[in-house]
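Peer 1: For the sequence shown, numbering that gives the first Met the number 0 begins at 0 and goes up steadily by one.
Take a look at this one; I'll ask things after.
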Amino acid sequence: MSYDLAVWDGERPANDRTAGRVFTDLFDRYMETEVCDPPTERITAYVAALVERWGDVAEDVEDASPWAAGPLIGGAGGPLVYFAMSWSRAEEVSAWAAALAESMGLVCFDPQQNRLRP
């Protein structure tokens, strides 16, 4: 079982409902397509900071890494990164990931709860 987060580069939506629509649109456009858009610089930097802090599944640190799949950059396309973490570490890791997104001027959305974070 995993816990998912979505982070994107753009304006923070006014409310959770609007954020849900923005997330769905971005996911459909960048994740559910045959065309592979490379992640933006800001998303690449965000993923690099996550990997620096927590490691990456692809780097033989699977037991130490909180990510449910890797490499983490594989869940990024255009202005969006969508990633899963193990349920047992979700509280700690998602809080840190959300705070990092905010500090970098990115939007963090929790699809399980349909709400913006933090």
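Glycine is no exception: its CB is placed at the ideal position from the N, C-alpha and C atoms.
Computed from a prediction, not measured in an experiment: that's the story for all the values here.
1. Am I right that M84 and W66 are in contact with their C-beta atoms under 8 Å? What's the rounded C-beta distance?
2. Select from L115, P38, W86, E33 the residue whose C-alpha is nearest the C-alpha of G74.
3. Going by other Cβ atoms of all chains shown within 10 Å of its Cβ, with 16 needed for buried, is A100 buried or exposed?
4. Write down the C-beta distance between V80 and V6 rounded to the nearest angstrom, noting that I regard them as a contact closer than 8 Å.
5. Enumerate in chain order the residues of its own chain whose CB-to-CB distance from S64 is below 7 Å, with the five nearest sequence positions on each side excluded.
6. Please look up how many angstroms separate the CB atoms of F82 and D3, rounded, as I've assumed it's under 8 Å.
7. Between the C-alpha atoms of S1 and R116, what's the straight-line distance to the nearest angstrom?
8. For C35 and G77, I'd like the C-alpha separation in whole angstroms.
9. Could you tell me the boundaries of the alpha helix (DSSP H) in which A44 lies?
Peer 2: This is what the structure holds:
1. 6 Å
2. P38
3. So A100 ends up on the buried side.
4. 5 Å
5. W53, G54, D55, V56
6. 7 Å
7. Approximately 18 Å between the Cα atoms of the pair.
8. Going by the C-alpha atoms only, they are around 8 Å apart.
9. 40–53
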